[in-house]
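Heads up: the structure comes next, in structure tokens.
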Amino acid sequence: MSENQNAQINVEEMSFEESMTLLEELVRKLEGGNLDLDESLKVYEQAVALREHCRKILDESDRKVQSIMETASGEKREDFKELE
Amino acid sequence: MSERITVTELNTRVKELFSTTNGLRDIWLVGEISNFKMYTSGHCYFTIKDNGSEIRAVMFKNARARINFNPGDSMKIEAYGLLDMYVERGSYQFIVESMKQSGIGDLYLKYEALKRKLEAEGLFASERKRPLPVYPKTIGVVTSPTGAVIHDILTTTKRLYPVNVLLAPAQVQGEGAAQSIVKGIELLNRVGVDVIIVGRGGGSLEDLWAFNEEPVVRAIVASKVPVISSVGHETDFTLADFAADRRAATPTAAAQMAVRDKMEIYRQLDDYTVRMNKALSSVTDRMRSRFATVDAKLSLKRAQEKVDYLGMKLDDLSKRAFSSIRDRVSIMHRRFASCENRPESALKTQVARKRSNASGLFARVDPDIRTIIVSKQHAEQNLSARLEALSPYSVLDRGYSFVAGPDGTAVTSVKGLQPGSVITVRMRDGKAEANIISKEEKE
Numbered sequence: 818m819s820e821n822q823n824a825q826i827n828v829e830e831m832s833f834e835e836s837m838t839l840l841e842e843l844v845r846k847l848e849g850g851n852l853d854l855d856e857s858l859k860v861y862e863q864a865v866a867l868r869e870h871c872r873k874i875l876d877e878s879d880r881k882v883q884s885i886m887e888t889a890s891g892e893k894r895e896d897f898k899e900l901e
Numbered sequence: 075m076s077e078r079i080t081v082t083e084l085n086t087r088v089k090e091l092f093s094t095t096n097g098l099r100d101i102w103l104v105g106e107i108s109n110f111k112m113y114t115s116g117h118c119y120f121t122i123k124d125n126g127s128e129i130r131a132v133m134f135k136n137a138r139a140r141i142n143f144n145p146g147d148s149m150k151i152e153a154y155g156l157l158d159m160y161v162e163r164g165s166y167q168f169i170v171e172s173m174k175q176s177g178i179g180d181l182y183l184k185y186e187a188l189k190r191k192l193e194a195e196g197l198f199a200s201e202r203k204r205p206l207p208v209y210p211k212t213i214g215v216v217t218s219p220t221g222a223v224i225h226d227i228l229t230t231t232k233r234l235y236p237v238n239v240l241l242a243p244a245q246v247q248g249e250g251a252a253q254s255i256v257k258g259i260e261l262l263n264r265v266g267v268d269v270i271i272v273g274r275g276g277g278s279l280e281d282l283w284a285f286n287e288e289p290v291v292r293a294i295v296a297s298k299v300p301v302i303s304s305v306g307h308e309t310d311f312t313l314a315d316f317a318a319d320r321r322a323a324t325p326t327a328a329a330q331m332a333v334r335d336k337m338e339i340y341r342q343l344d345d346y347t348v349r350m351n352k353a354l355s356s357v358t359d360r361m362r363s364r365f366a367t368v369d370a371k372l373s374l375k376r377a378q379e380k381v382d383y384l385g386m387k388l389d390d391l392s393k394r395a396f397s398s399i400r401d402r403v404s405i406m407h408r409r410f411a412s413c414e415n416r417p418e419s420a421l422k423t424q425v426a427r428k429r430s431n432a433s434g435l436f437a438r439v440d441p442d443i444r445t446i447i448v449s450k451q452h453a454e455q456n457l458s459a460r461l462e463a464l465s466p467y468s469v470l471d472r473g474y475s476f477v478a479g480p481d482g483t484a485v486t487s488v489k490g491l492q493p494g495s496v497i498t499v500r501m502r503d504g505k506a507e508a509n510i511i512s513k514e515e516k517e
């Protein structure tokens with residue numbers, strides 16, 4: 818962890834789970850109180866970016882419901898609709 | 075001559091025949107239930123059939139109450155009862171007085187034996203259970219495409235968190251069901267999902283049987299992806315349930331295990347926001363209090379205190395300096411007095427005499443010794459210069475005054491002085507007579 822602290826984190830490319838995990842870690846780090854003002858601000862900014870990233874994923878998440886079957890020509894996926 | 079009889083009479087005779095013929099009463103009828111219906115009266119009407127034939131059957135309310143399972147379609151049963159004629163309709167039916175599930179004893183034995191075997195292999199061990207992913211992107215479902223399971227999962231996930239759902243449609247009962255379920259689990263593992271829910275709705279032990287078959291249990295164990303089982307009702311425990319990483323009592327519960335509530339995640343993000351703001355402001359508070367300390371050091375009040383302190387220290391130092399100067403002055407006074415007692419001219423004559431004596435001696439001494447003497451002379455001259463510096467007149471040059479009484483002796487104390495006393499004040503360039511006006515003695 819200590820290595821990617823300094824490395825620039827590309828938030829946009831992170832999965833939701835990675836983002837939530839890192840966010841939790843950063844919040845704990847901030848709460849640890851062992852950082853000076855500069856470091857704290859840096860961590861805080863990162864945490865804000867992660868939080869916005871998570872919110873965006875939640876806001877936008879649009880799901881696919883599909884069924885998958887094995888056929889002679891391989892796996893076949895199609896949208897699944899329940900029969901009424 | 076043939077008898078002429080009514081329909082009612084005929085059907086009544088058949089009824090009579092049924093009830094008196096051995097083999098039509100006190101029998102166990104073996105078959106499978108279909109068209110099962112229970113009326114609000116509590117009576118049950120259904121068909122019992124086998125591969126070749128079928129018969130209408132009825133089980134009255136009080137008989138239904140005596141059996142400890144729920145009969146239903148496709149259930150294989152043994153029904154105890156008798157054949158009876160329903161005269162009004164001219165139809166006959168089997169009156170079921172008691173019923174048991176057939177082959178059930180065998181199934182239970184099979185279930186227990188397989189359970190013991192797989193348990194011994196450690197397949198049900200709690201150490202094997204894997205944690206479910208916290209935020210799955212896609213959940214796979216192995217179940218019937220038309221059952222309640224997929225319906226409940228779609229409804230629940232839609233409400234909680236719109237996760238992708240990938241269904242591997244499977245046959246969940248009957249011949250080939252186990253194979254179909256195994257294929258579904260393997261397929262979802264291959265295409266990659268984050269968690270798998272496998273299950274079916276409630277039914278008899280036979281209906282659920284596929285989930286007690288060894289290949290299904292092993293497929294669940296072999297799955298790289300964590301598996302949630304949701305088979306039958308809450309009270310039904312299949313071997314698949316024991317092998318799964320989590321067992322859900324209902325499909326809705328399975329969906330709730332698989333995904334987190336989106337609203338809860340929003341709340342958690344809000345909680346993080348509160349926590350990080352609090353943490354940051356405690357950092358800035360800490361900084362501020364550090365600045366406050368520096369500020370305090372710089373404040374006017376503090377500066378005044380510092381000046382006061384330095385002032386005090388200065389007073390103390392100058393008091394000590396003053397008393398040391400005073401001490402030195404009084405030493406000077408004493409030396410001057412002793413010099414005064416031996417008039418200077420006498421000293422000079424003495425020195426001149428000694429010097430001429432020395433010159434005489436000088437001529438008579440060894441040259442080596444002369445060298446020593448010359449250097450001694452230089453040293454003596456040096457000493458004279460220092461003596462000069464110590465002369466009270468040199469002190470007067472530095473601004474001190476010498477006070478003498480009427481008798482010419484140094485006045486070193488105010489003790490002997492009275493207002494009106496005459497003193498002589500000697501300075502660098504002369505002397506002045508003075509009268510004492512007043513005096514003040516130090517403590």
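In order, the protein sequence lines correspond to chains A and B. Under the working numbering, the residues of the first sequence are numbered 818 to 901, in order. Under the working numbering, the residues of the second sequence are numbered 75 to 517, in order. Quick reminder that beta carbons are idealized off the backbone N, C-alpha and C, glycines included.
R872 of chain A in three-state terms, based on DSSP: Looking at R872 of chain A - three-state DSSP - the assignment turns out to be helix.
Buried or exposed by the 16-neighbour rule on C-beta atoms within 10 Å, applied to K846 of chain A: The residue in question, K846 of chain A, is buried, as its Cβ has 16 or more Cβ neighbours within 10 Å.
First and last residue of the uninterrupted alpha helix (DSSP H) at V132 of chain B: For V132 of chain B, there is no enclosing alpha helix (DSSP H); the enclosing beta strand (DSSP E) covers residues 128-133.
Pairwise C-alpha distance: P205 of chain B and S127 of chain B: Just so you know, the alpha carbons of S127 of chain B and P205 of chain B end up roughly 52 Å apart.
Under 8 Å from the C-beta of V828 of chain A: neighbouring residues of chain B: Within chain B, no residue comes near V828 of chain A; the closest Cβ sits about 14 Å away, beyond 8 Å.
Boundaries of the beta strand (DSSP E) in which G105 of chain B is found, first to last residue: From DSSP, the beta strand (DSSP E) with G105 of chain B extends over 101-112.
Stretch pair the stretch 115-131 of chain B + the stretch 172-187 of chain B: three plus CB contacts closer than 8 Å: For the pair of segments examined, the stretch 115-131 of chain B was found not to touch the stretch 172-187 of chain B: the number of CB pairs separated by less than 8 Å stays below three.
Nearest-angstrom Cα separation, counted from G275 of chain B out to M149 of chain B: M149 of chain B and G275 of chain B have their C-alpha atoms roughly 15 Å apart.
Test: A864 of chain A CB closer than 8 Å to a CB of chain B: Yes, contact with chain B.
Residues bridged to Y160 of chain B [DSSP beta-bridge criterion]: Looking at the DSSP assignment, Y160 of chain B forms a beta bridge with B:S165.
Minimum Cβ-Cβ distance from R349 of chain B to chain A less than 8 Å: Chain A contact via Cβ: present.
Any chain B beta carbon closer than 8 Å to M886 of chain A: Using a Cβ-Cβ cut-off of 8 Å, M886 of chain A counts as an interface residue toward chain B, since at least one Cβ of chain B sits closer than that to its own.
Run of the alpha helix (DSSP H) containing N144 of chain B, from where it starts to where it stops: Counting along the chain, N144 of chain B falls outside any alpha helix (DSSP H), and DSSP gives it neither H nor E.
Per-residue DSSP class, three states only, for N431 of chain B: If DSSP states are grouped into helix, strand and coil, N431 of chain B belongs with the helices.
Chain-order list of residues whose beta-carbon lies under 8 Å from that of V267 of chain B (same chain, five-residue window excluded): Closer than 8 Å at Cβ, skipping near neighbours: P210, T212, I213, G214, L240, V299.
Identity of the residues DSSP links to Q175 of chain B by a beta bridge: Residue pairing of Q175 of chain B in beta bridges, as defined by DSSP: B:I151.
Residue from A:K873, A:K881, A:G850 whose Cα sits closest to the Cα of K336 of chain B: Measuring from the Cα of K336 of chain B, the nearest candidate turns out to be A:K873.
Cutoff 8 Å: H225 of chain B Cβ touching any chain A Cβ: Chain A contact via Cβ: present.
Per-residue contacts from S356 of chain B into chain A (C-beta, under 8 Å): Per Cβ cutoff of 8 Å: G850.
Within-8 Å CB hit, M831 of chain A to chain B: Not an interface residue.
Assigned secondary structure, N238 of chain B (DSSP; H/G/I helix, E/B strand, else coil): When secondary structure is reduced to three states using DSSP, N238 of chain B falls in the strand class.
S890 of chain A at chain B interface by Cβ criterion, 8 Å: So, not an interface residue.
Simplified DSSP state of F120 of chain B, which is helix, strand or coil: Look at F120 of chain B here: in three-state DSSP terms it is strand.
Neighbourhood of Q822 of chain A by C-beta, 6 Å cutoff - its chain only, sequence neighbours within 5 removed: Only weak support exists for where Q822 of chain A lies, its pLDDT of 47 falling under 50; the value from the coordinates is given anyway. Nothing meets the Cβ criterion.
Interface partners of L839 of chain A on chain B, CB under 7 Å: Near L839 of chain A there are no residues of chain B at all, since even the closest Cβ is about 11 Å away, more than 7 Å.
Enclosing alpha helix (DSSP H) for N85 of chain B [first to last residue]: Here the alpha helix (DSSP H) through N85 of chain B covers 81-94.
Same chain, Cβ closer than 7 Å to N238 of chain B, five either side skipped, listed in chain order: K211, T212, listed in sequence order.
Unbroken alpha helix (DSSP H) run spanning M501 of chain B, endpoints: For M501 of chain B, no alpha helix (DSSP H) run applies; the uninterrupted beta strand (DSSP E) run containing it begins and ends at 496-501, by DSSP.
Cβ pair count under 8 Å reaching 3, the stretch 291-298 of chain B against the stretch 256-263 of chain B: Taking 8 Å as the limit for Cβ pairs, the verdict is that the stretch 256-263 of chain B does touch the stretch 291-298 of chain B.
Buried versus exposed call for Y383 of chain B [16 or more other C-beta atoms within 10 Å across all chains shown]: So Y383 of chain B counts as exposed.
Test: K881 of chain A CB closer than 8 Å to a CB of chain B: So, interface residue.
As assigned by DSSP and simplified to three states, the class of R292 of chain B: Residue state, collapsed to three classes: helix.
Test: E834 of chain A CB closer than 8 Å to a CB of chain B: Interface residue, yes.
Beta-carbon gap between L157 of chain B and L98 of chain B smaller than 8 Å: Cβ distance < 8 Å, so L157 of chain B and L98 of chain B count as in contact.
S884 of chain A beta carbon less than 8 Å from that of P219 of chain B: For P219 of chain B and S884 of chain A, yes; Cβs fall inside 8 Å.
Enclosing beta strand (DSSP E) for T888 of chain A [first to last residue]: Membership of T888 of chain A in the beta strand (DSSP E) is indicated by the continuous run 882-888.
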